[in-house]
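Numbering (this note's numbering), first residue to last: 68 to 330. Have a look at the structure below before the remarks.
The following block contains the structure:
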């Protein structure tokens, strides 16, 4: 067990662990979320090489069953007002994965602090979509290269090229989430005012879709980005729950749009 300078406990379930490397990695990931004090919000961060080691650890130490043990390389579990975070140590990806889960820790604290609305919204689709955008928008800001970090932006045209498959009733929710991730990857370019990069991706999407689809895409992105800057980064502000209802409406609107066009 180790502890960072700002009292964040972490554990590395790896051989030949260099605790200093993980200490610096944690500090860098936390710095993306400016002005948020993680000190009393994180129970522990666990780095692992195989998910089974994290699964065993949280069961033995906290009595938590890792219900998503076969999914994903990173995980966030609520622990009272605090959070338990597990991250697979993968060269080139660890910091981004940790940054994403730190976003979930912030959102957990923010929503749990608004106890009046906590139970009604913690499992709602609209809130979960917002939470993923918030986390990925910040994760996309880590380890930036001159070419960006555009996994979701680069791959999204594949979904548009195969509309009949990815936008059917069976896959629409996962496709909509992937679309949200692609918008999150646009966020750093918006902060940088890099209109050339934004235009490049939007033009690519339009080639494989339609003006009607792009209207929905661009409007939703502007709303997500506006809400992030208006409310999301102010960690003591109460969420505007009507915004999450609009996200659910957008998803339904897109579902209806492709249902009509796939007939």
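Note that beta-carbon positions come from the ideal geometry of N, C-alpha and C, so glycine has one too.
Query: Between the CA atoms of residue 151 and residue 75 - distance to the nearest angstrom; Result: 11 Å
Query: Whole-number beta carbon distance between residue 80 and residue 115, since they are thought to touch under 8 Å; Result: 4 Å
Query: Residue range of the unbroken beta strand (DSSP E) whose run includes residue 265; Result: Residue 265 -> not in any beta strand (DSSP E); alpha helix (DSSP H) instead, spanning 262-274.
Query: C-beta atoms of residue 196 and residue 244 nearer than 9 Å; Result: yes
Query: Status (buried if at least 16 other CB within 10 Å, exposed otherwise) for residue 70; Result: exposed
Query: Coil, strand or helix - residue 190 by DSSP; Result: coil
Query: Residue 251, enclosing alpha helix (DSSP H) - first and last residue; Result: 239-258
Query: Identity of the residue in 72, 252, 282, 118 nearest residue 208 by Cα; Result: 252
Query: Uninterrupted alpha helix (DSSP H) stretches inside the region 82-111 (no shorter than 4 residues); Result: 86-98
Query: Paired residues, beta bridge with residue 153 - DSSP; Result: 113, 142
Query: At least 3 beta-carbon pairs within less than 8 Å: the region 166-186 vs the region 92-105; Result: yes
Query: Identity of the residues DSSP links to residue 317 by a beta bridge; Result: DSSP lists no partner for residue 317.
Query: Short Cβ contact (9 Å threshold) for residue 200 with residue 247; Result: yes
Query: Cβ contact (3+ pairs, closer than 8 Å) linking the region 151-162 and the region 183-197; Result: no
Query: Under the three-state DSSP convention, the category residue 171 falls into; Result: helix
Query: Neighbourhood of residue 294 by C-beta distance below 6 Å, restricted to the same chain and skipping five residues each side; Result: 310
Query: Limits of the alpha helix (DSSP H) - the one that residue 120 falls within; Result: 118-129
Query: Alpha-carbon spacing of residue 266 relative to residue 320, whole angstroms; Result: 24 Å
Query: Residue closest to residue 225, alpha-carbon to alpha-carbon, out of 272, 260, 296; Result: 272
Query: Continuous alpha helix (DSSP H) stretch holding residue 227: start and end; Result: 218-228
Query: Inter-residue CB distance, residue 269 and residue 317 (contact presumed, cutoff 8 Å); Result: That belief does not hold up - the Cβ atoms of residue 269 and residue 317 are roughly 17 Å apart, past 8 Å.
Query: Three-way DSSP call (helix, strand, coil) for residue 137 in this model; Result: coil
Query: Environment of residue 262 [buried if 16+ CB atoms lie within 10 Å]; Result: exposed
Query: Cut-off 6 Å between Cβ atoms - residues of its own chain near residue 90, not counting five sequence neighbours on either side; Result: 71
Query: Of the listed residues 184, 280, 177, 136, nearest to residue 149 (C-alpha basis); Result: 177
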